[in-house]
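Count along the sequence shown from 1, add 4, and you get the number used in our numbering.
Below is one structure, written out as structure tokens; comments come after it.
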Amino acid sequence: MTTMTSTKTINEHAFTSGLSDSQVATLAHLAHEVNFKEDEIVLVAGQQSKHFYLLLEGSVCIEVSARSYVVWVQILNPGNAFGWSALLDHHDTLFQVRAREASRALCLDGERLSAALHADSELAAELFRRTLKLVAGRVQATEARLAEMCGVKLQ
5 MTTMTSTKTI NEHAFTSGLS DSQVATLAHL AHEVNFKEDE IVLVAGQQSK
55 HFYLLLEGSV CIEVSARSYV VWVQILNPGN AFGWSALLDH HDTLFQVRAR
105 EASRALCLDG ERLSAALHAD SELAAELFRR TLKLVAGRVQ ATEARLAEMC
155 GVKLQ
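What follows is the structure, given as structure tokens:
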């Protein structure tokens, strides 16, 4: 994927839509396209986060995984983002992420993205604001899934 293509893709992605041209150009310079096979583990809980993803095609499942079970927490579709732990220095991934089907995403290297955010406080503030919404959605999805498993109806 060329920088011009990734610029257009970033402009159109729900997570990054509305960023300034210079902010989009910064992210496009950091992005490369990746593909996941059906059932491929994209992120493993407990491992250091290294990449932030913008989902373009397909779907992935956010999961809590233990030795004897896996529980899905949330299903993400194109327009969603995941791997937010990569935006934090030396932070471990909290959830496992698995491709539910063949999927395509833009991948941003966490270290390079962190450096770009340190260099551009406006971009940092906007991405962290958007990421906080993403994290809040993950917490709500986890709460809803736990309530469902316990037979509790949330209002």
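We put the beta carbon where it would ideally sit given N, CA and C, even for glycine.
For residue i versus residue j, is the C-beta spacing smaller than 8 Å?
{"i": "S107", "j": "G62", "result": "yes"}
{"i": "L112", "j": "L121", "result": "no"}
{"i": "V77", "j": "T146", "result": "yes"}
{"i": "V64", "j": "R104", "result": "yes"}
{"i": "G87", "j": "S53", "result": "yes"}
What span of residues does the beta strand (DSSP E) with residue i cover, start to end?
{"i": "F40", "result": "35 to 40"}
{"i": "E61", "result": "55 to 61"}
{"i": "L112", "result": "107 to 113"}
{"i": "L80", "result": "74 to 80"}
{"i": "E67", "result": "64 to 69"}
{"i": "L23", "result": "Taken as a continuous stretch (DSSP letters only), L23 belongs to no beta strand (DSSP E), as it is neither H nor E."}
{"i": "A49", "result": "Segment: none, A49 is in no beta strand (DSSP E) and carries neither H nor E."}
Give the DSSP-derived three-state secondary structure of residue i in the structure shown.
{"i": "L91", "result": "helix"}
{"i": "R142", "result": "helix"}
{"i": "R104", "result": "coil"}
{"i": "F99", "result": "coil"}
Measuring only the C-alpha atoms, how far is residue i from residue j?
{"i": "D96", "j": "A90", "result": "8 Å"}
{"i": "A151", "j": "L58", "result": "28 Å"}
{"i": "G22", "j": "G114", "result": "21 Å"}
{"i": "V74", "j": "F40", "result": "19 Å"}
{"i": "P82", "j": "A148", "result": "22 Å"}
{"i": "D43", "j": "A109", "result": "15 Å"}
{"i": "A29", "j": "F19", "result": "15 Å"}
{"i": "A49", "j": "E67", "result": "9 Å"}
{"i": "N84", "j": "K137", "result": "11 Å"}
{"i": "M153", "j": "F56", "result": "29 Å"}
{"i": "L31", "j": "T11", "result": "8 Å"}
Spell out whether any CB of chain C is found under 8 Å from the CB atom of residue i.
{"i": "S26", "result": "The structure shown contains no chain C; it is built from a single protein chain."}
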